[in-house]
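Visitor:
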Amino acid sequence: MTRQVCRETITDTTAGITAGAVDSVRNRSILRTGLRLYDGATVGVAGCLGEADMTDLENKARKMLGFVPFPWEPAGEQVCHRERTGAEPGPILDEAEALVSGLSRDFPDILISGKLAFRSGRKSMSGDGLDLSFSHRGFELGLTYKRRESSAIIDGFAVRGGPDWNREQVLEEIRREFAAFLNPAAPPPSGKMTVVFIDSQQVLSQLMADLHGLRYATGSSLLSGKMNSRVFSKDFTLLQYADDFQGSPFFDAEGTVTPTGGLPLIDEGVFEKAFTDIRTSRTYNLPLTGAAAASYDGVPALGWPEVRVKPSRRTLEQLIADEPAILISVTSGGDFTPTGGFGAPVQLAFLLDGSGKPVGRLPECSISSTVWKMLGEDFLGVSADPFNPSSDQKAMVMKMDVEFPQG
Amino acid sequence: MYRFPSGVFSDVRLEESVTTVIAFVMGKLEQRRVRAEKAVFIRVFDGVRWYYASLTDPGRVQEELDNLASMARTGGVEGHPMLQSLSARHDDLVEGRPDDSLEEKTGQLESYFGELGGFPTVTSWNASHIDRYSRKRIVSSLGADVSFDRFHGGIGIGFSMAKGEARASEQFQKTGAGLKELEGLHGEFRSHLQKTLLYLEKAQDSKPGKQTVVLSPLAAGIFAHESFGHKSEADFMLGDETMMREWPMGARVGSEILSIWDDGTVRGTGYTPFDDEGTPGGRTFLVRNGVLSGRLHNARTAAELGEKPTGNARAVDFNYEPIPRMTTTCIEPGDLSREELFKGVSEGVFIETVKHGSGMSTFTIAPNLAWRIRNGEIEEPLKISVITGDVMETLGEIDGLSCEMEIIGFVGGGCGKMEQHPLPVGFGGPFVRVRHMQVR
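Top to bottom, those sequences are chains A and B. Position one of the first sequence corresponds to residue 26 (this note's numbering), numbered consecutively onward. Position one of the second sequence corresponds to residue 671 (this note's numbering), numbered consecutively onward.
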């Protein structure tokens, strides 16, 4: 019988901001414990909030054996402890009030709301030779903003996060964004142009669905049958990645360790691996990538791992290469068709200058392409330099069809 | 029960929940768990600022109440207008939960698997039964003591189909308060599989441009939720003079045939008999006959905007404070039969199922199953990335509502608002005909 104990602690303090005022503080300290038993044929799990009575937990886990099949070896012996922690920040109320007053003073025509959180935590897995832990400390900032005279409820979002809270750096970045936001810019002519994304989640969503191990193995994926083929640009390398400040540990929910630097799923455009957990890997004879996810009291199953597009050696300025370029800041809605076509409205976009700095707010527009073009012939690269240094957020650059309103 | 600190307002929300998850992938059991949790959320208000804490140890409530009060400035809450909006009721609306066993839930879910065998194009599928019972008690320094519970659950079967290079994925979901409400859906599931197969084999690229669109009750409910529901959450109005000026009660915001309401007393995924401040739920008309009629409040927004609380203060779970959220949001049905509604479309699009939607000044709906309408008849399936439009313009372009309506909920998912997701909500309405929507 293999026994694993999983623990997660989260401690955070969050300041709430409403219409330019810090109006709340929230404290939280949560401990979750899970215990798993593998009997060689099945797996049983039990969990609890708060301090655990381990004998009681083990009895509950034993009662859950015999139902969920797991005839494979769970993660083997390994010991590794890592941390990604920044310096201890100042008192959150002081920091939040300084942030808000700095922005409100410089931009009285912009209303700000949102949350600033200072968070620390630890995840661990132990048992039968397995001893893994990951500790993290950092900040998360999520602001919504709008012009006071706007009749929308939200015009834009400013999201930052990382291990090191640097108020002045964050202020500088948001001031740059707000200055551009208040400056209406004439759009370039509609057509194919250079488009920049900081948040690439939507752009990569179709690809992530197609890299799902079960979908790939069962023929449901657009990439089914294309392993080891070049399907995208040679400049496009997608890594399954860990060690993220948000507490995404270097080991998955089964204890499989992601290599430092990441694991290529797409390497220079060649489709190499679908992401898998132990069950998917063993059932369909695919390489194990360590993409299992689980709640504290659940059986690990194939999840959605953190990914990162490998940065190029070129800066954003070099990637833009003197062409008109727009930054997609808010694109809410839109999606891919079943065969990979993409269309989305853009609620907030910025015109970039030649160095890649936002200089003006563009009219609402729409973007369209296909997944094959976006990551293939039209893919230009990910910047080597961060667009937002406070959060190490890099810029992904590609060509897309952009349509601005007539007149 | 607790010694509430003087000079401040405070309340304690005790939450107990039992969540069941049974999940199969390709017919093999992957999850079988029953989670029982007990936790507490505490609030203190000093007249200027709120102080919150969440605990997993109910034995520490008094200690944390005192700790939060020590951070607050006392004396500032006396006579504060928000105190008039806060509940001081005594109520007990605890009904209990169904006693269906894990074995019965598993057996019922498994009874649907056979339908998939008739569709060799199904390449992968998953099925789950999820239900959640929660019981809350809210006690406050004003003397409120409100207890209530809610139960919602359902089955969801997601499947992908492939044929050559063509791909299609769909979900079949049904919610209900217990196994009896989830029985006998095999024919409906089979019909959904058949439609998806037709979509897989025959879907064509759509013609982009402005078209007449008919939304199914599912699509209409998501449209109402995304395009208008979030705008009605009154915390978006705080400190915003432009919103108050441009969204006054009585302003015309849509077609005369359009009415939209939110109601926490409607049974289903959005059932919220009391909100998380102890205010009773009820029906709030957001739009009545095309005119702005109401907003969704918690005690703070009601006080600041000079309106009555509406029972819409909701928190996703014990980790968070309650904020204005929707419960069950619906478009009121109209006079036309479904057939009459479709007959009014010579050329257009029918949106049957939706992947997701969103709403800012422009709303979006990403359709999944979509069909061409030609001379009132539903014809070939279409591939559409997104339909979009200006919210105000679109509400004014609604010119037909069916008398048939449906109220829907998602199994295991819900509404997201900033850090708080997923919140169980209900949504729905009739079939809705809208002229001049942008189709891409």
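For each residue, glycine too, the CB sits at the ideal point set by N, CA and C. For clarity, every value in this text was computed on a predicted model and none was experimentally measured.
1. At which residues does the beta strand (DSSP E) containing His760(B) begin and terminate?
2. For my contact list, Leu352(A) and Val228(A) are in at a C-beta cut-off of 8 Å; report their separation, rounded to the angstrom.
3. Which word fits Leu763(B), buried or exposed, when buried means at least 16 other C-beta atoms lie within 10 angstroms of its C-beta?
4. Just to make sure I have the definition right: I need the residues of chain A whose C-beta is within less than 9 Å of the C-beta of Ser680(B). Which are they?
5. Of the choices Val695(B), Ala836(B), Glu1009(B), Asp1005(B), whose alpha-carbon is the least far from that of Leu247(A)?
6. How would you call Arg673(B), buried or exposed, if buried means at least 16 neighbouring beta carbons within 10 angstroms?
7. Please list, in chain order, all residues of the same chain as Arg937(B) whose beta carbon is under 8 Å from its beta carbon, the five residues on each side excluded.
8. Within 10 Å of its beta-carbon, does Met399(A) have 16 or more other beta-carbons around it, so buried, or fewer, so exposed?
9. On the CB-based measure, 16 or more other CB atoms within 10 Å of its CB, does Asn455(A) come out buried or exposed?
10. With 16 as the cutoff for other CB atoms within 10 Å, does Gly766(B) come out buried or exposed?
11. I need the straight-line Cα distance from Arg147(A) to Gly72(A), nearest angstrom please.
12. Spell out whether any CB of chain A is found under 7 Å from the CB atom of Gly909(B).
13. Does the stretch 682 to 696 of chain B touch the stretch 402 to 414 of chain A, meaning 3 or more C-beta pairs lie closer than 8 Å?
14. Could you name each continuous beta strand (DSSP E) segment of 3 residues or more that falls completely within the stretch 1046 to 1083 of chain B, going from the start of the chain to the end?
15. Relative to chain B, which residues along the stretch 75 to 99 of chain A have a C-beta separation below 9 Å, given in chain order?
16. Beta-carbon separation of Thr791(B) and Lys850(B) under 7 Å?
17. Quick check on Thr1034(B): does DSSP put it in helix, strand or coil?
18. Can you tell which of Phe789(B), Leu812(B), Glu903(B), Leu928(B) has its C-alpha closest to the C-alpha of Trp917(B)?
19. Using Cβ-Cβ distances below 7 Å, what residues of the stretch 158 to 185 of chain A are close to chain B?
20. Using a Cβ-Cβ cut-off of 7 Å, state whether Leu852(B) counts as contacting chain A.
21. Under 9 Å Cβ-Cβ, which residues of chain A neighbour Glu835(B)?
22. At a CB distance below 8 Å, what residues from the stretch 390 to 413 of chain A approach chain B? Give them in sequence order.
23. Is Leu373(A) near Gly75(A), with beta carbons less than 7 Å apart?
24. Measure the CB-CB distance between Phe898(B) and Ile930(B) and report whether it falls below 7 Å.
25. May I ask you to list the residues that DSSP assigns as paired with Ala317(A)?
26. Residues in the same chain with beta-carbon distance under 6 Å from Glu1049(B), minus the five sequence neighbours each way, listed in chain order, please.
27. Between the C-alpha atoms of Asp156(A) and Glu33(A), what's the straight-line distance to the nearest angstrom?
28. Measure the CB-CB distance between Ser158(A) and Ser149(A) and report whether it falls below 7 Å.
29. For a contact meaning CB atoms closer than 7 Å, what does Thr1034(B) contact in chain A?
30. With 16 as the cutoff for other CB atoms within 10 Å, does Val1156(B) come out buried or exposed?
31. For the stretch 308 to 332 of chain A, enumerate the residues whose C-beta is nearer than 7 Å to any C-beta of chain C, in chain order.
32. Say whether chain B places a C-beta atom closer than 7 Å to the C-beta of Val282(A).
33. Tell me, which residues are paired with Gly857(B) by DSSP?
34. Please look up how many angstroms separate the CB atoms of Leu90(A) and Gly69(A), rounded, as I've assumed it's under 8 Å.
35. Of all Cβ atoms in chain A, is any one closer than 7 Å to the Cβ of Asp1060(B)?
36. Please classify Ser757(B): does DSSP put it in a helix, a strand, or coil?
Guide: Reading from the atomic positions:
1. As a first step, residue 760(B) is located in the second sequence; it is residue number 90 there, counting from the start. His760(B) -> beta strand (DSSP E) spans 760 to 763.
2. Numbered from 1 along the first sequence, position 327 holds the residue referred to as residue 352(A). Numbered from 1 along the first sequence, position 203 holds the residue referred to as residue 228(A). For Leu352(A) against Val228(A), the beta-carbon gap comes to about 13 Å, at or over 8 Å, which does not count as contact.
3. As a first step, residue 763(B) is located in the second sequence; it is residue number 93 there, counting from the start. Exposed, because fewer than 16 other Cβ atoms sit within 10 Å of the Cβ of Leu763(B).
4. Stepping through the second sequence from its first residue, residue 680(B) is reached at position 10. Under the 9 Å cutoff, chain A gives no residues; its nearest Cβ is about 14 Å from Ser680(B).
5. Mapped onto the first sequence, residue 247(A) falls at position 222. Taking only the C-alpha atoms, the option nearest Leu247(A) is Ala836(B).
6. For the purposes of this step, residue 673(B) is identified with residue 3 of the second sequence, where counting begins at 1. Exposed, because fewer than 16 other Cβ atoms sit within 10 Å of the Cβ of Arg673(B).
7. To locate residue 937(B), count along the second sequence from 1; it is residue 267. Excluding residues up to 5 positions away in sequence, Ala847 lie with their Cβ nearer than 8 Å to the Cβ of Arg937(B) in the same chain.
8. The count along the first sequence starts at 1 and reaches residue 399(A) at position 374. Looking at its Cβ environment, which holds 16 or more other Cβ atoms inside 10 Å, Met399(A) is buried.
9. Since the displayed chain A opens at 26 and closes at 432, residue 455(A) lies outside it and no answer follows.
10. Indexing the second sequence from 1 puts residue 766(B) at position 96. Exposed, because fewer than 16 other Cβ atoms sit within 10 Å of the Cβ of Gly766(B).
11. As a first step, residue 147(A) is located in the first sequence; it is residue number 122 there, counting from the start. As a first step, residue 72(A) is located in the first sequence; it is residue number 47 there, counting from the start. Taking the straight line joining both Cα atoms gives about 17 Å.
12. The residue labelled residue 909(B) in the question sits at position 239 within the second sequence. Yes, Gly909(B) counts as interfacial toward chain A.
13. The stretch 402 to 414 of chain A and the stretch 682 to 696 of chain B do not touch, with fewer than 3 CB-CB distances between them shorter than 8 Å.
14. Within the stretch 1046 to 1083 of chain B, the complete beta strand (DSSP E) segments of 3 residues or longer fall at 1047 to 1053, 1057 to 1060, 1068 to 1079, listed in chain order.
15. Gly75, Glu76, Met89, Phe92, Val93, Pro94
16. The sequence position of residue 791(B) within the second sequence is 121, counting from 1. The sequence position of residue 850(B) within the second sequence is 180, counting from 1. No, they are not a contact pair.
17. As a working note, residue 1034(B) is residue 364 in the second sequence. Strand, per DSSP.
18. To locate residue 917(B), count along the second sequence from 1; it is residue 247. Minimum Cα distance to Trp917(B) is reached at Glu903(B).
19. Gly167, Arg173, Glu174, Ser175, Ser176, Ala177, Ile178, Ile179
20. The sequence position of residue 852(B) within the second sequence is 182, counting from 1. Leu852(B) does not count as touching chain A.
21. Within the second sequence, numbered from 1, the residue matching residue 835(B) stands at position 165. By Cβ distance, chain A contributes Leu247, Thr364.
22. Ser391, Ser393
23. Taking the first residue of the first sequence as 1, we reach residue 373(A) at position 348. Taking the first residue of the first sequence as 1, we reach residue 75(A) at position 50. No, they are not a contact pair.
24. For the purposes of this step, residue 898(B) is taken as the residue at position 228 of the second sequence. For the purposes of this step, residue 930(B) is taken as the residue at position 260 of the second sequence. A contact, by the Cβ cut-off of 7 Å.
25. Locating residue 317(A) in the first sequence gives position 292, counting from the first residue. DSSP, once it has assigned bridges, lists Leu327(A) as partnering Ala317(A).
26. Within the second sequence, numbered from 1, the residue matching residue 1049(B) stands at position 379. Hits under 6 Å: Arg1042.
27. Residue numbering aside, residue 156(A) sits at position 131 when the first sequence is read from its first letter. Residue numbering aside, residue 33(A) sits at position 8 when the first sequence is read from its first letter. Spanning the two alpha carbons is a distance of roughly 14 Å.
28. As a first step, residue 158(A) must be located in the first sequence, where it is residue number 133. As a first step, residue 149(A) must be located in the first sequence, where it is residue number 124. In this structure, Ser149(A) lies closer than 7 Å to Ser158(A) by Cβ.
29. Position 364 of the second sequence, counted from the start, is the residue given in the question as residue 1034(B). The contacting residues are Ser357, Gly358, Gly359, Pro370.
30. Past the edges of chain B, shown from 671 to 1110, lies residue 1156(B), and the structure says nothing about it.
31. No chain C appears in this structure, whose protein chains are A and B.
32. Mapped onto the first sequence, residue 282(A) falls at position 257. No, its Cβ sits nowhere closer than 7 Å to a Cβ of chain B.
33. In the second sequence, the residue the question calls residue 857(B) occupies position 187. Gly857(B) is not bridged to any residue.
34. As a working mapping, residue 90(A) is identified with position 65 in the first sequence. As a working mapping, residue 69(A) is identified with position 44 in the first sequence. Indeed they touch by this definition, with Cβ atoms about 4 Å apart.
35. Here the question's residue 1060(B) lines up with position 390 in the second sequence. No - not a single Cβ of chain A is within 7 Å of the one on Asp1060(B).
36. To locate residue 757(B), count along the second sequence from 1; it is residue 87. Here Ser757(B) sits in coil by DSSP.
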